[in-house]
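**Q** For the protein sequence lines, the chains are P and H, in the order given.
For the first sequence, position 65 matches number 65 in this note's numbering, and the numbering has no gaps at all.
Just so we're on the same page, this note's numbering is the position in the second sequence counted from 1, plus 208.
Backbone N, C-alpha and C define an ideal beta-carbon position, used for all residues, glycine too.
These figures come from a predicted structure and were not determined experimentally.
2 protein chains.
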Amino acid sequence: MVKSPYTCIMNELSTEQKIIEGARKVFMAKGKSGARMQEIADEAGINKALLHYYYRSKDQLFNAVFEEVMSGFVPRLFGLLNSDLPLEVKVYQIAERYTELLTNHRELPLFILSELQNDPKRITNKIPTGREVFKNLEDQLKREFEKGNIREIKVEMFVMNLISMLVFPFAGRNLFQSVAGMDNDQYTAFLQERMIEVPKFIMNALKP
Amino acid sequence: MVKSPYTCIMNELSTEQKIIEGARKVFMAKGKSGARMQEIADEAGINKALLHYYYRSKDQLFNAVFEEVMSGFVPRLFGLLNSDLPLEVKVYQIAERYTELLTNHRELPLFILSELQNDPKRITNKIPTGREVFKNLEDQLKREFEKGNIREIKVEMFVMNLISMLVFPFAGRNLFQSVAGMDNDQYTAFLQERMIEVPKFIMNALKP
DNA sequence: GTCTATACTCTGATAGAC
DNA sequence: GTCTATCAGAGTATAGAC
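1) In angstroms with no decimal places, state the Cα-to-Cα distance between Y92 (chain P) and S114 (chain P).
2) Distance, Cα to Cα, I404 (chain H) vs I410 (chain H)?
3) Does E107 (chain P) come out as helix, strand or coil in the three-state DSSP assignment?
4) Just confirm the distance between the C-beta atoms of M165 (chain P) and F111 (chain P), as a whole number of angstroms; I'd bet it's less than 8 Å.
5) Please work out which residues of its chain come closer than 6 Å, Cβ to Cβ, to K207 (chain P), disregarding the five sequence neighbours upstream and downstream, and give them in chain order.
6) Quick check: the stretch 168-178 of chain P against the stretch 323-332 of chain H, are at least 3 beta-carbon pairs closer than 8 Å?
7) Strictly under 9 Å for the Cβ-Cβ distance: is Q192 (chain P) near chain H by that measure?
8) Go through the stretch 317-383 of chain H residue by residue and report every complete run of the beta strand (DSSP E) that reaches 3 residues or more, in order.
9) Could you tell me whether the Cβ atoms of L108 (chain P) and F62 (chain P) are closer together than 9 Å?
10) Determine the extent of the alpha helix (DSSP H) in which S33 (chain P) is found, giving its start and end residues.
11) Would V341 (chain H) be called buried (16 or more neighbouring beta carbons within 10 Å of its own) or exposed?
12) Hey, does S14 (chain P) have any beta-carbon neighbour from chain H nearer than 9 Å?
13) Short check: CB of G389 (chain H) to CB of G79 (chain P), under 9 Å?
14) Thinking C-alpha only, which one of H:K408, H:F398 and H:M365 is nearest K200 (chain P)?
15) If we define contact as Cβ-Cβ less than 9 Å, is I335 (chain H) a contact residue for chain P?
16) For G230 (chain H), name the three-state secondary structure that DSSP assigns.
17) Measure the C-alpha to C-alpha separation of K266 (chain H) and L309 (chain H) and round it to an integer number of angstroms.
18) Please classify E220 (chain H): does DSSP put it in a helix, a strand, or coil?
19) Of the choices P:A189, P:E16, P:A205 and P:E88, whose alpha-carbon is the least far from that of Y53 (chain P)?
20) Please report the distance separating the alpha-carbon of V234 (chain H) from that of A303 (chain H).
Quick look at the structure:
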């Protein structure tokens, strides 16, 4: 299962990588229960039996994909939240990075949230948890409050407000786009505009 | 298929109602592709064959459930958004109603959003769409701005910010609760606190 | 209208050749 | 490691008695 990356010759991915790529694509589009092993095999350009050769079962293949996705997503956010940048810069940076990420991976939020709802205990394995994950940011908010730069706000509220406003518009795209009567281009522009407007909104809300 | 409500005797739901109830429960918990007809039948306390007698196929049963859920959810929001209440009261009221609704129907947001992602064109049928659905609210925001009570803000931004901050914490409960190291009671308290904090946050952000 | 029994399709998983 | 062929079980849907 473990293999040197240098076995890749001439731009070709290893079979294992092709499988993971194909599986991620199909699982993210259809969800775990909606995905078909045949479709994953087709997507990877290999045979169905090979899926079982590398990963014993659909369950195990899904787990591999899910862990890969999660470990590339959540820690990145923690890094941004706890960086040493000034608060306002940090908020703008997070908005920019997340807008970029979700623009390129439209299905990411609903994939993660849906699969976690189906199997809540899946979370406990891979990613950092506990109150200290927001420690740096919490201290920063406290310092800014004591300097009189912002209102007092709990770090959980701050994080939830920021992430909600950034992620939800992507998760709810199909609903909101239809309801608001926008076409694809208009909604994409709307999301780009929010990349600036959300940080502005938040910094306004924090003004003492 | 159409039946008088008075055929219900002694607190018993009609078979059709029992089916819809059971189907909604299972579909919302497992999603369309994860749901099993047998489980729906069990939940409704009837036989599997009866499901097909009333609704020809799983697809049609799902459509019936989905339309019922949607038509009881989105229009309610429009009513609140476009009511004639003063802006601040309106925001507090929406927060209260939505927190209450989602507390009792935890799976609602991910159910709707996931199924819409699987089948985007499903939306076009049942609910009101187009720019005029926010007309009243848009006028209200404009008036308040002209009176100097609030900053200028596009109605789509306002609505998206409000709904995001209210709904996302429910959709992302499993993720955020684990990451923040809260237990169930703590997170429930967090959500209750947001019912007040989100409107406050929004009204602050709107201050000129 | 409601049930039991069953037909039939789909799909995850395995066997075995190369 | 990769393929073809096939099995076994699950799941949707239907037939037919009552």
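**A** Taking the geometry as given:
1) Distance between the alpha carbons of Y92 (chain P) and S114 (chain P) is about 28 Å.
2) So the two alpha carbons sit approximately 10 Å from each other.
3) E107 (chain P) falls in the coil class under three-state DSSP.
4) About 20 Å separates the beta carbons of M165 (chain P) and F111 (chain P), which is beyond the 8 Å limit, so they are not a contact pair.
5) Cβ-Cβ distances below 6 Å link K207 (chain P) to nothing in the same chain once the five nearest sequence neighbours on each side are left out.
6) Proximity of the stretch 323-332 of chain H to the stretch 168-178 of chain P meets the contact definition, three or more beta-carbon pairs being nearer than 8 Å.
7) Not closer than 9 Å to any Cβ of chain H, the Cβ of Q192 (chain P) fails to qualify, so no.
8) If only uninterrupted beta strand (DSSP E) runs of at least 3 residues are considered, none is enclosed by the stretch 317-383 of chain H.
9) Judged by their CB atoms, L108 (chain P) and F62 (chain P) are not nearer to each other than the 9 Å cut-off.
10) The continuous stretches of alpha helix (DSSP H) do not include S33 (chain P), and DSSP gives it neither H nor E.
11) Residue burial annotation: V341 (chain H) is buried, with at least 16 other C-beta atoms found within 10 angstroms of its C-beta.
12) So, not an interface residue.
13) Inclusion of G389 (chain H) and G79 (chain P) in the CB contact set at 9 Å is not warranted, their separation being larger than that value.
14) With distances taken between CA atoms, K200 (chain P) lies nearest to H:M365 out of H:K408, H:F398 and H:M365.
15) Yes, I335 (chain H) lies at the interface with chain P (some Cβ there is under 9 Å from its Cβ).
16) In the displayed model, G230 (chain H) falls within a helix according to three-state DSSP.
17) Each residue's alpha carbon lies about 27 Å from the other.
18) Note: E220 (chain H) maps to coil in three-state DSSP.
19) Y53 (chain P) has its Cα closest to that of P:E16, out of P:A189, P:E16, P:A205 and P:E88.
20) Annotation: V234 (chain H) to A303 (chain H) spans about 28 Å, alpha carbon to alpha carbon.
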